[in-house]
Every structure is written in structure tokens, then in C-alpha cells.
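Numbering (the UniProt record's numbering), first residue to last: 1 to 372. Backbone N, C-alpha and C define an ideal beta-carbon position, used for all residues, glycine too. For reference, the structure is listed below as C-alpha cells.
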Amino acid sequence: MKNLDQEHFTCWTCKVKFTDLAMFKHHYRTEWHRYNMSTIVNGLPSITLEDFEKKEAMHHENNANQIKKKQICEICRKKFNNQKQYENHLASKTHKKKLEQKEDTTVAYSKKSSSIQDSSNKNTDDIETDSDVESLDSDEWFEDLKYQIIYDNCLFCDYHNKSIECIMIHMEKKHSFFVPDLEYCVDLGGLLKYLESKIYVEFKCIWCNDSGRKMRSAQAVKMHMIDKGHCKMLFEEETMYEYSSFYNYLFSYPDAENADPDEEVSDLEVLNDEGYMMKLPSGKSIVHRDLALYYKQNVPVGITAIIKDSDYCRRKRIHKQISFGSEERKIEIARITARDIQSFQRVQAKYLMQLQVKQNNLQKHFRQQTNF
């Protein structure tokens, strides 16, 4: 028998092996693995851990240099402490309004300013070079991918269409597949391409993930998902972090419409998960799953149940009250019980008599009906 301790778990994306299943699962949640997945989706080769650490160090160094430099908007005459505030200001309504007023003055300057605005607000469709990739972390890389991905195949069959809407309608009707929290998905094409890479590159079921059996081909994975009814995303607990790059839940906050893009965003408070109830920033409350039994009850409000006090219940209650008394009362309750038993036996005998008369079954021995 093969020893489980010597079994190797291989990540074909990063080309590394693990002997521990826990380390293998933790590897799929690292930034290194997410970065390599983005490179494969974009058609680029994966990198080693040493190269990723070098790029990450260079990215942090560039961010430190950008923090030191103050960005200046010449149109609005404002100063910003970092690049993030400057980009948020370029996307604000006040900046765009002043930019339009500036465009009306001179045609030459309008062309120049519009090109600057387009370059700052929209991501280019061209593939980034190695020097540009080094200055991006994994999150920015996924943001650039959403303008480069062209998705035209069904995840579970050979259906082909250039429209993502047609693909989604087909998968919903044919395979009952839907994207969780679709209203908060900001990169639908990237999400579908990522799911496609899990099926065709890693040979994984998008519902089983690491818990299912290993597959050797993409066709086997698709047959498994169709036969088992696994044409759905596992979007709960730890797997939600895996798809976090494709979602943006800031729109669910009640103050999302009144937010000022020029205002610096402070760190969000950590939610307190102690106890059985937790209140989300959107105002909704969630409770622990142990209380699901009580919250699923459908008790009508304002309606009280009317219990009929039958003779049997009343007699039983009187007997119980009398039984707590003296010995004489106990003897009396015994007599009442005996009378009740006799009354029940008489009723039962009468019912059996009527039943036997109807069935002509009063005679208890055999009697021959013919005399010859």
C-alpha cells in the first residue's frame, strides 16, 4: 500500500511539489500563486518564488518613492501626498468639470488634456512589457486583465460565442450555472477566464477544488461536473478570498453614493465576530449558524392556539390534582380509574358485537352449511 506521507501534491501553475496537504492548500491562497495564475491567463509564463519576491520588493520600493513625491494637479491647483489620492482626484467629477472648461478655451490643449485623462482613467489594451509588469502587484495585474481577456467558450461544453452575455445565458439554461453576487462582480470576463484556467490547466472541479479526486484531463473534469451536478462555484468561507480580485462590495455600503473620491480612505474597522450576531457595514446583521433552527421558524404573529379542553384531558387533570392528596383520595382516584376501564371495556365489546353481526361471524366453531 502506498504511504500517504510520501505522496506529493503538485501545483502545475507554479511548478512546485508539496508533501503536506495543509501547505499545498495554503499555497493556493498566496500572492505568488495568484500572480502566476494571472500570467497564465494573459498568456505569459509563470515565475519562480525568488523572482516574485524580487518584483514584490521593487514594487514596495516604488511605492515608498511615490509616497515621498507629492502629486500636483495643475488644472485644479491641488497637491496630493500619494499616487492613489491623485488617481482618485482624476476620476472625480470636479476635476472632469474643470477639464471640460479648460478644453473649451483652446483646441490644442483640449487634445493634450483628453489624452492625459484617457491614459489616467482607462487601462490600455496593449500587453505590458516586463518593466511595466515589475511595477504591478497581483491586484493591479488582475485589474489590467479585465480589458485584455476575450472569453468565448462555455465552461462545461463546446458551445462557442463571442458575446459574454450569450455565454452566460447558455450556461444558466443548459447547466444551471450562475455567478454568485453578480451585481458586485466588476470583472466578469476575468472571473470566467480564471475558472477556465482551473478546469483546463489545473484539472480541478470548480465546486470540489482540492477536496475531490484528482483528474488527468479537462474532459474528465467537465464530465465529472456535469454528471455530479457540480456546475457551480464554491463561494463560501475560505474560497471567497480566492475570487476577491473580481468583486467589489463597496457599492453595498449605505454611504457609497455620497462618498467623496478626493477624501482619503481610512482603514476599515475590524468586524467583531464574538458572540452569535455580527453587524455588517451595510447595516445588515448576520447570526451564527447554530441559531438557524430558531430563525427559520415561521410562527404567525398575533395568533394564539386554542386548545380544546376535552373530557379526557379534564379527567386526567382532576386525577392528577387528587393524587397529591391523602390516602382516601388515592383510593377514590383508583375507583374512578377502575370505572373508566370498565366503561372502556363495555364500549369495546359493543363495537366488536356490531362488527361481528355485520360480518356474520358470531359462531366460534365450524358448522357445515349443507346437509348432503
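Less than 8 Å separates the beta-carbon of THR13 from that of HIS33. The stretch 168-177 makes no contact with the stretch 210-217: fewer than 3 CB pairs, one atom from each, lie closer than 8 Å. A Cβ-Cβ separation of about 5 Å places TYR247 in contact with TYR184 under the 8 Å criterion. Taking C-alpha positions only, ILE47 is separated from ARG29 by approximately 16 Å. A straight-line Cα-Cα distance of about 14 Å links SER343 and LEU352.
In this model, LYS102 and ASP152 are separated by some 42 Å (Cα to Cα). Shown here for LYS162: same chain residues with a beta carbon closer than 7 Å to its own, the five before and five after excluded, namely ASP152 in chain order.
According to the DSSP assignment, SER285 belongs to no alpha helix (DSSP H) but to the beta strand (DSSP E) extending over 285-287. Of ALA338, ASN62, HIS160 and VAL186, the smallest CA-CA separation from LEU250 is found for VAL186. Close CB contacts of ARG317 within its chain, under the 6 Å cut and outside five residues either way in sequence, are absent. Counted as a single uninterrupted DSSP element, the beta strand (DSSP E) harbouring ILE72 occupies residues 71-73.
Just so you know, the alpha carbons of LYS296 and VAL287 end up roughly 12 Å apart.
Non-local C-beta neighbours of TYR86 in its own chain, meaning closer than 6 Å and more than five positions away in sequence, comprise GLN71 and PHE80, ordered along the chain. Proximity to LEU155 across MET58, LYS93 and ALA218 peaks at ALA218, based on C-alpha coordinates. In the structure shown, CYS11 falls within a strand segment according to DSSP collapsed to helix, strand and coil. Residue PRO180 holds the alpha-carbon nearest to the alpha-carbon of CYS231 among LYS93, LEU280, ARG315 and PRO180.
In the three-state reduction of the DSSP assignment, HIS175 falls in the helix class, which pools H, G and I. In the three-state reduction of the DSSP assignment, LYS204 falls in the coil class, being assigned neither a helical nor a strand state. Of the other Cβ atoms in all chains shown, fewer than 16 fall within 10 Å of the Cβ of GLY229; this residue is therefore exposed. In the three-state scheme derived from DSSP, where H, G and I count as helix and E and B as strand, ASN63 is classed as helix. By the Cβ neighbour-count rule, ILE169 is exposed, with fewer than 16 other Cβ atoms within 10 Å of its own. A direct Cα-Cα distance of roughly 13 Å separates VAL16 from GLU50.
Between SER244 and MET37, the CB-CB gap reaches or exceeds 8 Å.
Around the C-beta of TYR241, fewer than 16 other C-beta atoms lie within 10 Å, and the residue is accordingly described as exposed.
LEU188 and GLU165 have their C-alpha atoms some 10 Å from each other. Residue pairing by DSSP places CYS185 opposite TYR247 in a beta bridge. Straight-line measurement puts the Cα of MET58 at about 34 Å from the Cα of GLU236.
For LYS279, the uninterrupted beta strand (DSSP E) segment begins and ends at 277-279. Per DSSP, the continuous beta strand (DSSP E) segment holding LYS78 begins and ends at 78-80.
For HIS160, the pairing in a beta bridge is given by DSSP as ASN153.
DSSP links LYS17 through a beta bridge to THR10.
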